[in-house]
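Asker: Dropping the structure in here first, questions after.
Protein chains in written order, with my numbering: chain A, 59 to 384; chain B, 86 to 301.
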């Protein structure tokens, strides 16, 4: 199939299948707990139900509160358009689009935070503060990790990084990729409010981060937020999965492998949620700093392994002394 | 082979970060002992030009001491003073990890520039050794509990031993064994001292020991 058609196809597949990911996570948790669990399509049912309801707005809120869910959903949909999760190019692709990906996720977080602050509730302000605090540690880990992979794979566009057809056996980049995957998985759990950082099931005021920020949204707005959250799960999970799953070049195989990979990421998340307890709040930054340290280590290794190529970034030649080449 | 060596050295660095970031004493001991095991495996992997019996002896002795004996001694010390957690450290754990990243960058920058006598030494060996030693030093300075400081001493010793591997062909076996013996005696003495400090003063906070004076 042709490239643009394929890009549109994989974009639409993601839009339709994304709500399955939390369904799989919940199903895995249910199996671990010996329950039958909700149907896999539960998130779709929830969203459909919420879309049928009207939103209720408090008198203390302004346009920021109403704009929050819409802008957040738009941001994450564009992020999905940037990410070539099934290998064959995304809707939008250019050099440096990995920064755009991180930026779009940042926009989503920002509007969620200011919408929460706009309610004037002390409770939501607390959640917003925590979200800002944790993401200020998670985002450097994401960016440094992306930089490390970009250096290893010799490209600064997501298509060049993720569209690798196969792994060179015994390549020096293996350690870097593994480190970055470890770091990105922590960021994935933190950004999506999964268990070691936040518990998606509780409504206990002392433990909530993400959940507390969206308490005042209802109806259509809340449907947008839920759908946006599933898409975010897909985007970050797809990023991790794409680093592991090699590409075949056949579009149907690639898409099937990518969906399978995402299912594996979802199952891993479910397993983590089943066997771990939520960390104490003071320990969460430590976890994120550990992820940051892993990313930084990966970047340092990538800088040492790959002597700079002229096309990539000439100024960094100073970082690699000639002795590396021996 | 290069991949193996690189993975081991990366794991060595990760154990150092693990030591910096963990607050539980048992977790710290695990970090130090994993570090010892990794270090014991290195002489066999590096392809050093030396008789095999020497390499195996070196690996075996350092595995026995750093991987088994030291952790057991430390465990005994922890149990005898009944301490589970490190007390409030001078530098917080998150900040320690960030400082660790800075140390890592510093040792990578400095380590690759260092001229070595032996050609064919893996690029990462010297940075990993420097990082481990610096981490140990930092733990000694930044923690208050005497047990964790002893672990910092061990990490520093590990770093120095790893550095020694880079020049292993020039270094006599006797020196290697001597260092191991020194480390053994030091950890042994530290374990006993910690026990006595604890019995005498009901704590092992090295900070408060400095206020003790002989004169009235």
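We treat Cβ as the ideally placed atom computed from N, Cα and C, and that holds for glycine.
Small disclaimer: the values here were computed from a predicted structure and weren't measured.
Whole angstroms are fine: how far does the CA of residue 160 of chain B sit from the CA of residue 288 of chain B?
Answerer: Spanning the two alpha carbons is a distance of roughly 17 Å.
Asker: With C-beta atoms as the reference, is residue 206 of chain A less than 8 Å away from residue 238 of chain A?
Answerer: Against a cut-off of 8 Å, the Cβ pair of residue 238 of chain A and residue 206 of chain A comes out as a contact.
Asker: Would you grab the beta carbon distance between residue 385 of chain A and residue 197 of chain A for me? Rounded to a whole angstrom, and I think it's under 8 Å.
Answerer: Absent from the structure is residue 385 of chain A, since the part of chain A shown begins at 59 and ends at 384.
Asker: Is the shortest distance between the beta-carbon of residue 188 of chain B and the beta-carbons of chain A less than 8 Å?
Answerer: Cβ-Cβ to chain A under 8 Å: no for residue 188 of chain B.
Asker: Given a cut-off of 8 Å on the beta-carbon distance, is the pair residue 125 of chain B and residue 147 of chain B in contact?
Answerer: A contact, by the Cβ cut-off of 8 Å.
Asker: Assign residue 137 of chain B to one of two classes, buried (16 or more other C-beta atoms within 10 Å of its C-beta) or exposed (fewer than that).
Answerer: Label assigned to residue 137 of chain B: exposed.
Asker: Alpha carbon to alpha carbon, what distance is there between residue 293 of chain A and residue 249 of chain B?
Answerer: Their Cα atoms are separated by approximately 46 Å.
Asker: Is it the case that the Cβ atoms of residue 354 of chain A and residue 188 of chain B are separated by a distance below 8 Å?
Answerer: For residue 354 of chain A and residue 188 of chain B, no; Cβs fall outside 8 Å.
Asker: For residue 140 of chain A, count the other beta carbons within 10 Å of its own beta carbon; 16 or more makes it buried, fewer makes it exposed. Which is it?
Answerer: Buried is the call here.
Asker: Select from the region 131-151 of chain B all residues with a C-beta closer than 8 Å to any C-beta belonging to chain A, and list them in chain order.
Answerer: Cβ contacts with chain A: none found.
Asker: Check whether the Cβ atoms of residue 328 of chain A and residue 135 of chain A lie closer than 8 Å to each other.
Answerer: No, these two residues do not count as a Cβ contact at 8 Å.
Asker: If we count the other Cβ atoms within 10 Å of its Cβ and call it buried at 16 or more, is residue 284 of chain B buried or exposed?
Answerer: Classification of residue 284 of chain B: exposed, given that the 10 Å Cβ count is below 16.
Asker: Please classify residue 230 of chain B: does DSSP put it in a helix, a strand, or coil?
Answerer: DSSP places residue 230 of chain B in strand when its eight states are reduced to three.
Asker: What residue from A:84, A:127, A:191 and A:180 has the CA that sits closest to residue 340 of chain A's CA?
Answerer: Looking at the Cα atoms, A:191 is the closest of the given residues.
Asker: Just checking: is the beta-carbon of residue 83 of chain A within a distance shorter than 8 Å of some beta-carbon in chain B?
Answerer: So, not an interface residue.
Asker: Compute the beta-carbon to beta-carbon distance between residue 162 of chain A and residue 133 of chain A, rounded to the nearest angstrom, for a pair I have assumed lies under 8 Å.
Answerer: About 5 Å; that satisfies the 8 Å criterion.
Asker: What residue range does the alpha helix (DSSP H) around residue 269 of chain A cover?
Answerer: Unbroken alpha helix (DSSP H) run through residue 269 of chain A: 268-271.
Asker: With DSSP as the reference, please indicate the residues paired to residue 290 of chain B in a beta bridge.
Answerer: BP columns for residue 290 of chain B point to B:230.
Asker: What's the C-alpha gap between residue 309 of chain A and residue 64 of chain A?
Answerer: One C-alpha to the other measures close to 8 Å.
Asker: When you compare the CB positions of residue 130 of chain A and residue 166 of chain A, do they come within less than 8 Å of one another, or not?
Answerer: A contact, by the Cβ cut-off of 8 Å.
Asker: Would you kindly work out how many angstroms separate the C-alpha atoms of residue 283 of chain A and residue 272 of chain A, rounded to a whole number?
Answerer: Spanning the two alpha carbons is a distance of roughly 8 Å.
Asker: Can you say whether residue 312 of chain A is buried or exposed, counting buried as having 16 or more other CB atoms within 10 angstroms of its CB?
Answerer: Counting Cβ neighbours within 10 Å, residue 312 of chain A comes out buried, since at least 16 surround it.
Asker: For residue 95 of chain B, would you say it is in contact with chain A, using Cβ-to-Cβ distances shorter than 8 Å as the test?
Answerer: Output row for residue 95 of chain B: interface = yes.
Asker: Put residue 164 of chain A into one of helix, strand or coil per three-state DSSP.
Answerer: Residue 164 of chain A falls in the helix class under three-state DSSP.
Asker: List, in order along the chain, the chain A residues whose C-beta lies closer than 7 Å to that of residue 179 of chain B?
Answerer: Neighbours of residue 179 of chain B on chain A, chain order: 343, 344 and 347.
Asker: Checking 8 Å against the spacing of the C-beta atoms, do residue 268 of chain A and residue 127 of chain A come in under that value?
Answerer: Going by C-beta atoms, residue 268 of chain A is not nearer than 8 Å to residue 127 of chain A.
Asker: So is residue 173 of chain B in contact with chain A if we call contact Cβ pairs under 8 Å?
Answerer: Taking Cβ atoms only, chain A never reaches closer than 8 Å to residue 173 of chain B, which makes this a no.
Asker: Taking the alpha carbon of residue 199 of chain A as the reference point, which residue from A:80, A:346 and A:113 has its own alpha carbon closest?
Answerer: Considering only alpha carbons, the answer is A:346.
Asker: Contact defined as beta carbons within less than 8 Å: I believe residue 344 of chain A pairs with residue 178 of chain B. What is the distance between those atoms, to the nearest angstrom?
Answerer: Going by Cβ atoms, the distance from residue 344 of chain A to residue 178 of chain B rounds to 5 Å, so yes, they are a contact pair.
Asker: Using the C-alpha atoms, what's the distance from residue 247 of chain B back to residue 145 of chain B?
Answerer: Looking at the two C-alpha atoms, the distance is approximately 15 Å.
Asker: Have a look at residue 297 of chain A and residue 75 of chain A and give me their C-alpha separation to the nearest angstrom.
Answerer: Roughly 16 Å separates the two Cα atoms.
Asker: Check whether the Cβ of residue 215 of chain B lies closer than 8 Å to any Cβ atom in chain A.
Answerer: No - not a single Cβ of chain A is within 8 Å of the one on residue 215 of chain B.
Asker: Got a sec: is the Cβ-Cβ distance from residue 119 of chain B to anything in chain A below 8 Å?
Answerer: Not closer than 8 Å to any Cβ of chain A, the Cβ of residue 119 of chain B fails to qualify, so no.
Asker: For a quick check, are the C-beta atoms of residue 68 of chain A and residue 137 of chain A less than 8 Å apart?
Answerer: No.
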